[in-house]
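Residue numbers (the working numbering): 8 to 289. Encoded as structure tokens, the structure appears first; notes follow it.
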Amino acid sequence: MSDHSVYQKEDIRLLLARLDDLCRRAERGEAAVSGYLTPREGKYAAIHLASRIRAGTALLWGGYAEAERTRAVILPDYTEGIADPDTLTADPVSALRDAGLEDLAEVIAGAVCLLQIRGSGFRELTHRDYLGSVLGLGLERDSVGDILIPDAHSAILFTDARVGDFLAVALTKVATDTVKVTRWPEGEALRGTRRLQPITDTVASERLDCVVAALCNLSREKAQMAVKSGIVELDYEACEACDTTVDAPAVISVRGYGKFAVHAFDGTTRKGRIRLVAGKYI
């Protein structure tokens, strides 16, 4: 699918209209912040805001450098040149505070809040368990950013300060386990944030159907059916063409099977098959 056809999709057009509204708010001297965007939305938001991002008056921030779900933050034009764009991208709250823009720093600090959720150890909890329990409390998906799983009994969840206060009281169970929710200690670094189950295999080619077959342990025919049925996303875009080439690094999601990171195609075997190095998000 071409970029042009994607821009004709209703969800992307609505996203760009919301971003334009945020830009108009920023022109009035405010810091304007979107809800949490999907990685696909974030890609098109970055394209739409490219001139502002280069000027240091806009950024996508999800709480840490590798965040997948981010919020678009539009700053007033008077901030241009005050804070270095690279510094803003790495740590916008500190960058704005260092530039003497404390009010703007507080807006972003309140927009991206980290929570630590700890289970009792009774059972292993998954990303799906945490997300389902949080949304089951009536929250919209765009109020929640990434959910990181550093170990089998805890999670780090990104939201905003208001929702964080609510979850600290309301979220008492995840699946069948009792949990405790606290704010992530300010200044403490994130460690072991993403867990992937390593996958090594060989594929006949870098075609999408071949890669999906290896990642999901499917036959080539079933992988082709999955792609053609529309349940496969390549880099967060639905892809129904089996012969699409997968360029590593890439992210592939297959509904019902999971989400995978394709790290590399690492040479060939004696029989001419291509070595696949990947991982499945746990």
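C-beta: ideal position from N, C-alpha, C; glycine also.
- Just mark isoleucine 81 as buried or exposed, buried being the case when its beta carbon has 16 or more other beta carbons within 10 Å. Label assigned to isoleucine 81: buried.
- Which residues in the same chain have their Cβ closer than 8 Å to the Cβ of valine 40, if we skip the five residues on either side of it in sequence? A distance below 8 Å between beta-carbons, with the five flanking residues on each side excluded, links valine 40 to the following residues of its chain, in chain order: Leu29, Arg78, Ala79, Val80, Ile81, Val114, Ile115, Ala118.
- Message: Using the Cβ count rule (16 or more neighbours within 10 Å means buried), how would you classify proline 256?
- Response: Proline 256 is exposed by the Cβ-count criterion.
- Message: Could you check whether the region 210-221 touches the region 173-183, counting it as contact only if at least three pairs of C-beta atoms, one from each stretch, sit closer than 8 Å?
- Response: Contact check between the region 210-221 and the region 173-183: fewer than three CB pairs, one atom from each, fall below 8 Å, which does not count as touching.
- Query: Can you name the residues that DSSP bridges to phenylalanine 267?
  - Reply: In the DSSP assignment, phenylalanine 267 forms a beta bridge with Ile259, Lys287.
- Message: Measuring only the C-alpha atoms, how far is leucine 103 from glutamate 48?
- Response: Leucine 103 and glutamate 48 have their C-alpha atoms spaced approximately 25 Å apart.
- In angstroms, rounded to a whole number, what distance separates the CA positions of aspartate 254 and phenylalanine 165? Answer to the nearest angstrom: the Cα atoms are 30 Å apart.
- Task: Since I believe glutamate 34 is in contact with alanine 62 (beta carbons under 8 Å), could you give me their beta-carbon distance rounded to a whole number of angstroms?
- Result: That belief does not hold up - the Cβ atoms of alanine 62 and glutamate 34 are roughly 13 Å apart, past 8 Å.
- Query: serine 150 by DSSP, collapsed to three states: which one?
  - Reply: If DSSP states are grouped into helix, strand and coil, serine 150 belongs with the helices.
- Query: Under 9 Å between the Cβ atoms of valine 239 and valine 261?
  - Reply: Yes, these two residues count as a Cβ contact at 9 Å.
- Task: Using 10 angstroms around the beta-carbon of leucine 3, count the other beta-carbons present and answer buried if the total reaches 16, otherwise exposed.
- Result: The structure shown does not extend to residue 3, since the chain is modelled only from 8 through 289, so no value can be given for it.
- Would you grab the beta carbon distance between leucine 225 and alanine 233 for me? Rounded to a whole angstrom, and I think it's under 8 Å. Contact flag correct, Cβ pair sits at about 7 Å.
- Query: How long is the line joining the alpha carbons of isoleucine 124 and lysine 278, rounded to whole angstroms?
  - Reply: Straight through space, the alpha carbons of lysine 278 and isoleucine 124 are spaced by roughly 48 Å.
- Message: Measuring straight from C-alpha to C-alpha, what distance separates serine 212 and threonine 276?
- Response: Distance between the alpha carbons of serine 212 and threonine 276: 12 Å.
- If valine 284 and aspartate 273 are in contact, beta carbons under 8 Å, what's the gap, nearest whole angstrom? That belief holds up - the Cβ atoms of valine 284 and aspartate 273 are roughly 5 Å apart, short of 8 Å.
- Task: Report the residue from Ile19, Ala230, Ile281 whose alpha carbon sits nearest the alpha carbon of alanine 248.
- Result: Checked all of Ile19, Ala230, Ile281; the closest Cα to alanine 248 is Ala230.
- Item | beta strand (DSSP E) segment containing threonine 189, residue limits | Looking at the DSSP string, the run of the beta strand (DSSP E) that includes threonine 189 is 184-190.
- Message: Considering only DSSP beta bridges, list what valine 239 is partnered with.
- Response: Paired residue(s): Val261.
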